[in-house]
Amino acid sequence: MPRLYTIGHSLHSIDQFNKLLNNHDVNCVIDVRSTPYSKYSPQFNTNELRKFLSINHKSYIFMGEEFGARRSDSSLYDIDGLLDFEKVIKSAFFQAGVKRVKSGLNKDYKIAFMCTEKEPLDCHRSILVGRAFHDEGFEVLNIHEDGSVENQKGLEERLLDLYFPDRNQTSIFDILQGGRSKEELVVEAYQLRNREIGYKIENGAGIV
């Protein structure tokens, strides 16, 4: 099973970040930020990060257009102006990105998708990108700031705990949930998380 990682740069020093990558033999960072700059951690601005990774024998690829959390295509937003992750996954740009990643894996790159947030549940790198690759049969491992990893199934369990904490307790819950399967609850949990963390166009502002 092909393996992919996700990681948030958070407020790490660049050396701490590099150590996390080395611990998992990652040699290629795919930046999935729509805007590849950080006000609070300028060491992760695209040019600085590219140079640092190159010195440390790693590749840097910006794929914000393919995998970013903000989109210029208005058809990818719902009627409330919220970016719909499920629509994004089906979009041509996203699917082109999937093909590029598969090609990179075939060239023996060990890839980590990078975004900002330290917690995978709070970031589209896991709720959007990681989910899509997991559903395609990839092993997706989310790297936490302490160096531990959580696979996507583990993250899904945390999603279920967050939104359906009583799902295993009583048969009454099953009745209330209409007899839905665990797989159906996982899909709904992703949708609920999308609504909490997804980019939303506010007050008629333009899409960026």
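Counting from 190, one number per residue, gives the positions in the sequence shown under this note's numbering. Don't be surprised by glycine CBs; every beta carbon is placed ideally from N, CA and C. Model, not experiment: these values are computed from the prediction.
When beta bridges are read from the DSSP output, L381 appears opposite no residue. Short of 6 Å from the beta carbon of R192, and not among the five residues preceding or following it, lie these beta carbons of its own chain, in chain order: E328. Beta-bridge annotation (DSSP): L330 is paired with Y194 and N340. A direct Cα-to-Cα measurement between N211 and A281 gives close to 33 Å.
A direct Cα-to-Cα measurement between E377 and E391 gives close to 24 Å.
Buried is the label assigned to I300, since at least 16 other Cβ atoms lie within 10 Å of its Cβ. DSSP, read as helix, strand or coil, puts F274 in helix.
Note on the segment 203-255: whole beta strand (DSSP E) runs with a minimum of 3 residues are 217-220 and 248-251, in chain order. With a threshold of 16 other beta carbon atoms within 10 Å, A321 meets it and is buried.
With 16 or more other Cβ atoms inside 10 Å of its own Cβ, D220 counts as buried. In the structure shown, the three-state DSSP call for Y352 is helix.
The beta carbon of D273 sits closer than 8 Å to those of L265, Y266, D267, N383 and G387, all from its chain and outside the five residues before and after it, given in chain order. Residue range R320 to D324 is occupied by the alpha helix (DSSP H) that includes A321.
For A301, the enclosing beta strand (DSSP E) starts and ends at I300 to C304. Less than 8 Å separates the beta-carbon of P309 from that of N331.
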